[in-house]
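First the structure, in the form of C-alpha cells, and then the observations on it.
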Amino acid sequence: MKVAKVIWEENPETQAIRELRKKVFVQEQGMNTEIIEDKYEKRCIQLIGIHQGNIVGHLRICKISNDKYKIQRLCIDSDYRKHGFGQRLISYAEEEIKKNGGDTVILWAQQRAEAYYKKLGYSCCDGNEIINYFENPHIEMWKKL
159 MKVAKVIWEE
169 NPETQAIREL
179 RKKVFVQEQG
189 MNTEIIEDKY
199 EKRCIQLIGI
209 HQGNIVGHLR
219 ICKISNDKYK
229 IQRLCIDSDY
239 RKHGFGQRLI
249 SYAEEEIKKN
259 GGDTVILWAQ
269 QRAEAYYKKL
279 GYSCCDGNEI
289 INYFENPHIE
299 MWKKL
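Here is the structure:
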C-alpha cells in the first residue's frame with residue numbers, strides 16, 4: 159500500500175474519502191452521517207492509503223498545539239483489513255507529525271480497538287473515561303514520539 163497526502167477540495171480523492179467514511183462509519187458501524195465531513199477538514203492533513211489504484215484507507219491529522227497532534231477518522235475498507243494497512247497509515251502519520259515539529263499524538267480510539275492501539279505503542283490517558291463520540295464508546299489514548 160502506498161500512502162499519499164491529499165488536499166481536501168472537490169476532487170476524486172476527497173469524494174473517495176467521503177465514500178469510505180460513509181461505508182465504514184455510517185453503514186458498518188451505525189454512526190451519524192455527520193462523521194463523513196466537518197468544518198475542520200481543510201485544516202487537517204489528509205492521508206490516503208492506495209492499493210492497486212484504489213483508496214482503501216484514510217486518516218486525518220489535526221494540529222492541537224505546537225507539539226501535539228490528533229489522529230482522527232482512521233478507516234480501512236473492510237475488504238482490505240488485517241493486512242497491516244492501518245498500521246502503515248498510522249506510522250506514516252506519526253512521521254508526518256514529527257516532520258511538523260510534533261512529539262505527542264493523541265487519538266480517540268473506539269473502545270473495542272484499544273488493544274490494537276496499545277500494540278502500536280499508545281497508552282490510555284489518565285482516568286480512562288469513556289467518551290461517547292457519535293454514539294460510539296471511545297477512549298482517549300496518547301503516544302510520545
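Throughout, the working numbering is defined as the position within the sequence shown, counted from one, plus 158. For each residue, glycine too, the CB sits at the ideal point set by N, CA and C.
Within 7 Å, strictly: CB atoms of residue i and residue j
i    : j    : result
M299 : F243 : no
R179 : I194 : yes
R231 : R218 : yes
D284 : D261 : no
L205 : I248 : no
I255 : Y227 : yes
V164 : E171 : yes
Cβ shell of residue i (< 8 Å), same chain only, five flanking positions each side left out
i    : result
I289 : W266, P295, H296, I297 and E298
Beta-ladder partner(s) of residue i, from DSSP
i    : result
C233 : H216
N294 : Y291
K139 : As shown, the chain starts at 159 and ends at 303. That puts residue 139 outside it, with no answer to give.
Residues near residue i by beta carbon distance below 6 Å, same chain, minus five either side
i    : result
I264 : K228 and W300
Practice prompt. For the segment 178 to 226, list the alpha helix (DSSP H) runs that are entirely contained and at least 4 residues long, ordered along the chain.
Written response: none
Item to complete: Pair every Cβ in the segment 202 to 214 with every Cβ in the segment 235 to 252, then say whether three or more of these pairs are closer than 8 Å.
Response: yes
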